[in-house]
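A.B. asks: Going by this note's numbering, the sequence shown opens with residue 5, and the numbers climb by one from there.
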Amino acid sequence: MAQPHHFIRMKRHNLLYGRVPKAANSSIKAALCRLLSEMPPKGTKTTSDKFWQHETNQETELITLRRARKYRRSHFSFSFVRNPFDRLIAAYNNKVIEIETPPLPMQNMGVTHGMSFEAFLDVLIETPFKHYDVHVLPQSQLLCIGNQIVPKFVGRVEQINEHWAELRDILARRGINVMESLPQKNVRRSDRGGLQSYFNNEALINKTMQIYGDDVRLFYNDVSVDHLIQNAPLPAINPLHSTGLKLSNWLRSHGFGR
Numbered sequence: 005m006a007q008p009h010h011f012i013r014m015k016r017h018n019l020l021y022g023r024v025p026k027a028a029n030s031s032i033k034a035a036l037c038r039l040l041s042e043m044p045p046k047g048t049k050t051t052s053d054k055f056w057q058h059e060t061n062q063e064t065e066l067i068t069l070r071r072a073r074k075y076r077r078s079h080f081s082f083s084f085v086r087n088p089f090d091r092l093i094a095a096y097n098n099k100v101i102e103i104e105t106p107p108l109p110m111q112n113m114g115v116t117h118g119m120s121f122e123a124f125l126d127v128l129i130e131t132p133f134k135h136y137d138v139h140v141l142p143q144s145q146l147l148c149i150g151n152q153i154v155p156k157f158v159g160r161v162e163q164i165n166e167h168w169a170e171l172r173d174i175l176a177r178r179g180i181n182v183m184e185s186l187p188q189k190n191v192r193r194s195d196r197g198g199l200q201s202y203f204n205n206e207a208l209i210n211k212t213m214q215i216y217g218d219d220v221r222l223f224y225n226d227v228s229v230d231h232l233i234q235n236a237p238l239p240a241i242n243p244l245h246s247t248g249l250k251l252s253n254w255l256r257s258h259g260f261g262r
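1) Shortest alpha-carbon distance to N2 belongs to which of T68, L40, F124, R91?
2) For a test of the three-state rule: what should DSSP assign to R160, helix, strand or coil?
3) Relative to the alpha-carbon of R38, which residue among P142, A72, F82, P187 has its alpha-carbon at the smallest distance?
4) Using the three-state DSSP reduction, which class does V127 fall into: helix, strand or coil?
5) Report back the beta-carbon spacing between S33 and T50 to the nearest angstrom; my notes put them in contact at under 8 Å.
6) May I ask which residues mark the beginning and end of the alpha helix (DSSP H) holding V24?
7) When you compare each of V229, L147, S83, D137 to L171 by their alpha carbons, which one comes out closest?
8) Taking only the alpha-carbon atoms, compute the straight-line gap between S144 and P88 and give it to the nearest angstrom.
9) Is the beta carbon of V161 closer than 7 Å to that of R221?
10) Consult DSSP for L238 and reduce its assignment to one of helix, strand or coil.
11) Taking only runs of the beta strand (DSSP E) that begin and end inside the region 77-103, which ones reach a length of at least 3 residues, in chain order?
12) Determine, using beta carbons only, whether L147 and V138 come nearer to each other than 7 Å.
13) Going by beta-carbon coordinates alone, are R243 and H135 separated by less than 7 Å?
14) Per DSSP, what kind of secondary structure is T212 in: helix, strand or coil?
15) Count the other CB atoms within 10 Å of the CB of N29; is the residue buried (16 or more) or exposed (fewer)?
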């Protein structure tokens with residue numbers, strides 16, 4: 005089963021971060037480390053769950069999406085999302101092609117090293133979300149409960165400089181000072197070109213939308229699927245802000261369903 009404790013709770017700061025693997029997650033965690041009373045010793049693997057759960061002098065804990073929802077009134081919560089097509093290919097290249105042994109949750113799904121992208125996609129289609137490895141779990145599954153979205157602020161990786169600056173201003177007004185720019189962590193793919201070689205027929209695109217369609221509709225409804233597959237620069241857009249839990253209200257305020 006996918007690891008359910010996706011949120012980092014920073015107790016002193018009343019701050020929640022909804023982790024989305026393959027969406028600047030390592031860089032954001034590196035920035036959040038600066039908020040700890042004591043910097044971790046050099047060489048500490050600050051990307052690991054063990055660190056955030058057990059090695060921060062009880063300043064942080066990992067919590068479930070449902071617990072994050074309970075803290076919503078008293079805490080500020082944020083997350084960042086990524087073009088679902090690009091995120092999927094990043095996970096495929098890293099976990100299936102680059103490393104010799106896929107993570108155990110992927111192995112349990114039936115993923116094998118070096119399998120074709122089409123075969124990989126078929127495994128995803130056949131697997132219930134509750135058995136997904138977190139690296140391929142839809143972002144809506146990580147951040148939403150039914151018709152409720154948990155984070156109050158959702159930025160996009162494609163506009164991370166602008167959206168991080170806005171988040172930084174919001175946190176500063178709450179007395180939380182994060183670093184001005186994110187460190188570059190785990191940036192693997194130097195080629196930011198199109199993804200057409202992977203999504204080269206309608207069947208593959210339709211299968212991907214069957215899994216990640218909610219991610220596209222929630223977080224990338226301002227551009228076409230073709231635009232996302234081209235991995236072209238996105239038009240400027242404000243981060244998504246949610247003051248209430250009702251997803252319907254949040255969608256209406258951002259132009260969905262018009």
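No residue lacks a Cβ here, since even glycine has one placed at the ideal position from N, Cα and C.
C.D. replies: If we stick to the structure as given:
1) There is simply no residue 2 to check, as the chain begins at 5 and stops at 262 in what is shown.
2) strand
3) P187
4) helix
5) According to the sequence shown, residue 33 is Lys rather than Ser. Rounded, the Cβ-Cβ distance is 6 Å, consistent with contact.
6) Where V24 is concerned, there is no enclosing alpha helix (DSSP H), given that its DSSP letter is neither H nor E.
7) S83
8) 10 Å
9) no
10) coil
11) 80-85
12) no
13) The question names Arg, yet the displayed sequence has Pro at residue 243. Cβ atoms of P243 and H135: not closer than 7 Å.
14) helix
15) buried
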